[in-house]
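Structure record follows, encoded as structure tokens.
The following block contains the structure:
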């Protein structure tokens, strides 16, 4: 069963009663940011389990967070140095620039994704979220402002 942060659920265990209890527990785990195993007693009288009087459901609750992403706006020497420093960290690194000649895959390495195009528009198209960090290091202040 998948429980999203907005409360929507996908999948089911054995009916609305137990599903509601599991969803409530999962929402609490998401709020606390913790992963654990818990148990739910199934009540056949409530329609939670067909033919399993007194059964217990063991549920593994795992909180999944979006992959942290570092967007570097600009492919110059500062971005090159930052990408080398950030590579060992737990980030998916994306370098955005409008100059193909500067964004060299050999310079940035195979762990860095290179995106080409209008910097502000490309970043918007990437739909930054709460797991996205953006460092603006373009070739000029006028571009920094737009990015």
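Numbering (our numbering), first residue to last: 204 to 350.
Cβ coordinates follow ideal geometry from the N, Cα and C atoms, glycine included.
Residue 285 and residue 337 have their alpha carbons spaced roughly 12 angstroms apart. Comparing C-alpha distances from residue 312 to each of 264, 243, 265, 295 shows the shortest one belongs to 295. Around the beta carbon of residue 309, fewer than 16 other beta carbons lie within 10 angstroms, which makes this residue exposed. In its chain, beyond the 5 residues on either side, 295, 296, 297, 298 have a beta carbon closer than 8 angstroms to the beta carbon of residue 316. With respect to the 8 angstroms criterion, residue 277 and residue 327 are not classified as neighbours on the basis of their beta carbons.
For residue 261, the uninterrupted beta strand (DSSP E) run begins and ends at 259-264, by DSSP.
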